[in-house]
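Inspection log for the structure reproduced underneath, given as structure tokens.
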Amino acid sequence: MRIRPWLSVVTLAAAVSACEPHPEDPGSVRTEVQWPGEDFYPEGIAASKDGTLYAGSLGTGAIARVKPGALGAEVFVPGRPSFGVYGLEVDEAHDTLWACTYDDLLLPAQPSYLNAYALSTGALKASHVMPGQESFCNDVTVDASGNVYVTDSFENVVVRLPVGGTALATWSSDAAYEPSEPGLITLNGIAYDGASRLYVVNSDSGALYAIDIQPDGSAAAPVNIPVTPALETPDGIEWMGSGRLFVVENTVGRASLVTLGEGSGAKEVLANGFVEPTAAAITDGGAWVLESQMGFLFGTPGTPTLPFRAYRVAVPPLLP
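The sequence shown lines up with residues 1 to 320 when you count with the UniProt record's numbering.
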């Protein structure tokens, strides 16, 4: 989630102070990975099949990588000034790490792009401009065919890059996606279910939508899935399989599991106390929740707790 510069410091401070200290896991040592430097401010995270974790930075514009079993990260893609990296997605079939980026140096020209980096080397392969007049590439997912889908939190749409294509285009738009008042972040986390459906959350309204991918590749009308208890400022989401979604709730500092039923979802809080968590990545060892602390970057009084971290959260097994 990107906080617009004109949002008040009061709003940001409220977001940070809503979080309690991290809970300790009784009888075990909390597992974490650490991101480099004093100004990394991670926002997006993704995992490869071997458990390698990647995170993008708002503060430096770099992408860092943590190899399996390591505690600390190494720089994978070097940063640059006034450049932020948001949602990430690993596409091993195409040797690609997809990244939503935002370049403040390009203002007032189009500042938001979907970038493709070589997963093997970190080299930039392609950069695709977002199609809207005031776009913000927030989060990204890839379907089984290699089509890429991106949430645009300023234009309030989902855009799509067809496999082998060179241009993004609006894929799903609906009045339900519009903000409750101008300037608020809307569509945010996006996840693919491995078959023919995308799930998208709206940070403004708290809504969860299911969007079916039709046989011709177009988007079906979004279906609002009521969740009980309601989601609060949902940000990153990940598909867990077997009708379950892992959801990060930003301003309240929670990681929750939503189990889908017949047209509705039931939420279970798995962990809380995170300071502005923005995203999660799923590995065989559980879910890694990224703590951004981004409010301090955008003007909240105080300083972040260092080093920046992602914490592993255990996910309950499916009952027989």
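The C-beta atom is built at its ideal place from N, Cα and C for all residues, glycine as well. All values derive from a computational prediction rather than experimental measurement.
For Asp216 and Val200, the gap between their C-alpha atoms comes out near 20 Å. Cβ-Cβ separation between Ala210 and Val223: approximately 5 Å, consistent with a contact (criterion under 8 Å).
Nearest to Ala169 by alpha-carbon distance, out of Leu187, Asp143, Ser218, is Ser218. The closest CA to that of Phe83, considering only Glu134, Ala62, Gly69, Ser205, is found on Ala62. As far as DSSP is concerned, Val315 takes part in no beta bridge. For Gly72, the three-state secondary structure derived from DSSP is strand. In the structure shown, Leu97 adopts extended strand secondary structure according to DSSP, grouped into three states.
Around the beta-carbon of Gly285, fewer than 16 other beta-carbon atoms lie within 10 Å, marking it exposed.
When the Cα atoms are used, Glu155 and Ser173 turn out to be separated by approximately 9 Å. Closest option to Thr259, judged by alpha-carbon separation, among Ser242, Thr303, Ser292: Ser242.
Annotation: the continuous beta strand (DSSP E) that includes Tyr149 extends over 148 to 152.
Within the same chain, and ignoring the five residues on either side of Arg197 in sequence, the residues whose Cβ sits closer than 8 Å to its Cβ are Ala210, Ile211, Asp212, Ile213.
In its chain, beyond the 5 residues on either side, Ala116 have a beta carbon closer than 6 Å to the beta carbon of Ala126.
7 Å or more divides the Cβ of Leu114 from the Cβ of Val142. Partner residues in the beta bridge of Asn202, as assigned by DSSP, are Leu187. The beta-bridge partner set that DSSP reports for Val142 consists of Val148. In its chain, beyond the 5 residues on either side, Phe154, Glu155 have a beta carbon closer than 8 Å to the beta carbon of Glu134.
For Glu262 and Pro108, the gap between their C-alpha atoms comes out near 46 Å.
Distance from the CA of Ser292 to the CA of Ala46, rounded to the nearest whole angstrom, comes to 14 Å. Taking Ser256 as the centre and dropping the five residues before and after it, the same chain places the C-beta of Val247, Glu249, Lys267, Glu268, Val269, Leu270 closer than 7 Å to its C-beta, in chain order. Here DSSP, grouped into helix, strand and coil, assigns Leu208 to strand.
Contact annotation, Val75 with Ala310: C-beta distance approximately 16 Å; criterion of less than 8 Å not satisfied.
C-alpha of Val163 to C-alpha of Gly302: approximately 44 Å in a straight line. Annotated as proximal: Val140 and Cys100, with beta-carbon spacing under 7 Å.
The C-beta distance from Ile237 to Ala191 rounds to 5 Å, short enough to meet the 8 Å contact threshold. In chain order, Pro68, Thr283 place their CB closer than 6 Å to the CB of Gly51, counting only its own chain and leaving out the 5 sequence neighbours on each side. Between Gly56 and Val85 the beta-carbon gap is near 3 Å, inside 8 Å, which marks them as a contact. Residue pairing from DSSP places Asp91 in a beta bridge opposite Thr96.
About 20 Å separates the beta carbons of Trp98 and Leu106, which is beyond the 8 Å limit, so they are not a contact pair.
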